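Q: Attaching a single structure in structure tokens format; questions to follow.
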Amino acid sequence: MEYRVLGRSELRVSSIGLGCVTFGREADVEASFAIMDRAVERGITLFDTAEAYGAGRSEEVVGQWMAERGARGKTVLATKVTHPLRRERILASAEASLRRLRIDVIDLYQLHSWDGDAPLEETLEALDVLVRSGKARYVGCSNFAAWQLCKALWQQDVRGWARMEAVQPHYNLIARDIERELLPLSADQEIGVLTYSPLGGGFFTGKYRQGEAVPKGSRMDVAPGMQPFYFHAAGYRILTGLRAKADALGTSTTLLALAWAMSGPGITSVLIGASSIEHVDQAIAAQALGLSPELRAELSAL
Ligand SMILES: NC(=O)c1ccc[n+]([C@@H]2O[C@H](COP(=O)([O-])OP(=O)(O)OC[C@H]3O[C@@H](n4cnc5c(N)ncnc54)[C@H](OP(=O)(O)O)[C@@H]3O)[C@@H](O)[C@H]2O)c1
């Protein structure tokens, strides 16, 4: 496992991070504990959750695991706050996350997405209060367009407030728009980039067949809102090309899609999702596989 500095912060994070959205949902407490145990065994130190995951249940499961395993010192813990991003709500949400996670300080506190209805200054000031009061070590954002992150950085700079040290965007063989503006901005401003859904929530494993019902209990069954992003002609065309390449190389679409996401230039850590310990092992295997620049270019061309 490689470890990288996040933005200009003092946090060092594993180049694979464990996304915790499945905990208390697809994965019960026992399965979640096994996944987190395996992740730590394999060198993963970054854990990403959110108040929105299972309405706080994911944070509770992570908090219980950390307390029972005494794992706090070995992990970097990131969580997120959801709309509305108003001052009092952000401050109260952070307190609630701290309680569920059973910790005193959140390593990285992220805005889950842009809130066009909340005054940005108010949102950013609240984040600064959290850092100054020792409730959060660093702050970041997720699902921000480059202009939104740029505007936030500018206001934080002008006001002398804690700046965004990380951004968390969607990135995989279908979700590629960050290559145009967000990644160059992040490189220029030294912002850590934590990408999510390298497997498209499981789409690139090939478990979803065009025109067939989704497997019961799978991600696309539990979170059907993701389906329109992947289930379309272009998505299946990319998957078919990926399968042809995997067959020719004697590997799997899963490993290739993960390795592609992990080899993206300018990415600090790739957040994987898992509903079993084998999924953690596969992500580690994909990292070991690596991708030559030529193979990456071929897959990008899909
Ligand atoms: N900021 C945001 O808005 C946002 C949005 C999404 C995710 N995230 C973060 O990013 C993390 C990762 O996202 P993601 O969970 O969508 O990532 P992903 O790696 O694209 O998808 C994970 C899902 O794919 C399936 N899977 C994973 N490995 C597999 C394997 N080797 N073989 C077969 N199936 C496999 C599992 O679902 P099944 O077993 O159910 O098929 C697993 O839950 C999340 O946990 C969360 O922390 C953030």
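First residue of the sequence shown? That's 1 in this note's numbering, and the numbers climb one at a time after it.
Every residue, glycine too, gets a C-beta built ideally from N, C-alpha and C.
If you're wondering where the values come from, they're calculated on a predicted model, not measured in any experiment.
With DSSP as the reference, label I284 as helix, strand or coil.
A: Indexing the sequence shown from 1 puts residue 284 at position 284. Helix.
Q: Below 6 Å, is the gap between the Cβ of S218 and the nearest heavy atom of ligand 1?
A: Within the sequence shown, numbered from 1, the residue matching residue 218 stands at position 218. The answer is yes for S218.
Q: Going by DSSP, which residues form a beta bridge with V193?
A: Taking the sequence shown and counting its residues from 1, the one referred to as residue 193 is at position 193. Its beta-bridge partners are V167.
Q: Taking the straight line between their C-alpha atoms, what separation do you get for A50 and L130?
A: By one-based count along the sequence shown, residue 50 stands at place 50. By one-based count along the sequence shown, residue 130 stands at place 130. If you take the alpha carbons of A50 and L130, they lie about 16 Å apart.
Q: Assuming T45 contacts V76 (C-beta within less than 8 Å), just tell me the rounded distance between them.
A: For the purposes of this step, residue 45 is taken as the residue at position 45 of the sequence shown. For the purposes of this step, residue 76 is taken as the residue at position 76 of the sequence shown. That belief holds up - the Cβ atoms of T45 and V76 are roughly 6 Å apart, short of 8 Å.
Q: For H83, verify whether its CB is less than 6 Å away from any heavy atom of ligand 1.
A: Residue numbering aside, residue 83 sits at position 83 when the sequence shown is read from its first letter. For ligand 1, not one heavy atom lies less than 6 Å from the Cβ of H83.
Q: I'd like the span of the beta strand (DSSP E) that includes S218, first residue to last.
A: Locating residue 218 in the sequence shown gives position 218, counting from the first residue. From DSSP, S218 is part of no beta strand (DSSP E); its letter is neither H nor E.
Q: Please say whether G19 and G273 have beta carbons closer to each other than 7 Å?
A: Counted from its first residue, the sequence shown places residue 273 at position 273. Counted from its first residue, the sequence shown places residue 19 at position 19. Yes, they are a contact pair.
Q: Can you tell me which of the three DSSP states F229 falls into?
A: Numbered from its first residue, the sequence shown carries residue 229 at position 229. Three-state result, F229: helix.
Q: When you compare the CB positions of G43 and S15, do they come within less than 7 Å of one another, or not?
A: Within the sequence shown, numbered from 1, the residue matching residue 43 stands at position 43. Within the sequence shown, numbered from 1, the residue matching residue 15 stands at position 15. Not in contact: G43 and S15 (Cβ atoms no closer than 7 Å).
Q: Could you work out which residue in K80, F33, S93, H83 is closest to R69 when comparing CA atoms only?
A: On the sequence shown, position 69 is the one that residue 69 refers to. When only C-alpha atoms are compared, the closest one is F33.
Q: Just tell me which of A257, E294, L249, G54 has its CA closest to the CA of Q287.
A: Mapped onto the sequence shown, residue 287 falls at position 287. Nearest option by C-alpha distance: A257.
Q: Return yes when at least one heavy atom of ligand 1 lies under 6 Å from the C-beta of S197, else no.
A: One-based indexing of the sequence shown puts residue 197 at position 197. For S197, the Cβ falls inside the 6 Å cut-off from some heavy atom of ligand 1.
Q: Can you confirm whether the region 173-180 touches the region 148-159 when touching is taken to mean that 3 or more C-beta pairs between the two stretches lie within less than 8 Å?
A: no
Q: If the criterion is Cβ atoms closer than 7 Å, does the pair S142 and Q110 meet it?
A: Start at 1 with the first residue of the sequence shown, and residue 142 comes out as number 142. Start at 1 with the first residue of the sequence shown, and residue 110 comes out as number 110. Cβ distance < 7 Å, so S142 and Q110 count as in contact.
Q: So which of G134, I174, P184, K135 has the shortest CA-CA distance to A145?
A: Start at 1 with the first residue of the sequence shown, and residue 145 comes out as number 145. The candidate whose alpha carbon is nearest that of A145 is P184.
Q: Tell whether a beta-carbon distance below 7 Å holds between S263 and L302.
A: Locating residue 263 in the sequence shown gives position 263, counting from the first residue. Locating residue 302 in the sequence shown gives position 302, counting from the first residue. Not closer than 7 Å, so no.
Q: Would the C-beta of V21 count as close to ligand 1, meaning under 6 Å from any of its heavy atoms?
A: Within the sequence shown, the letter at position 21 stands for residue 21. It does: the Cβ of V21 is within 6 Å (strictly closer) of some heavy atom of ligand 1.
Q: Could you tell me whether the region 115-125 touches the region 80-88, using the rule of 3 or more Cβ pairs below 8 Å?
A: yes
Q: How big is the Cα-Cα spacing for L149 and P169?
A: Walking along the sequence shown from the start, residue 149 turns up at place 149. Walking along the sequence shown from the start, residue 169 turns up at place 169. Taking the straight line from one Cα to the other gives about 11 Å.
Q: Rounded to whole angstroms, what is the Cα-Cα separation between S276 and A152?
A: Your numbering for residue 276 matches position 276 in the sequence shown. Your numbering for residue 152 matches position 152 in the sequence shown. When rounded, the distance between both Cα atoms is 37 Å.
Q: Closest Cβ-Cβ distance between P215 and chain C: below 7 Å?
A: Given the protein chain composition of this structure (a single chain), no chain C is represented.
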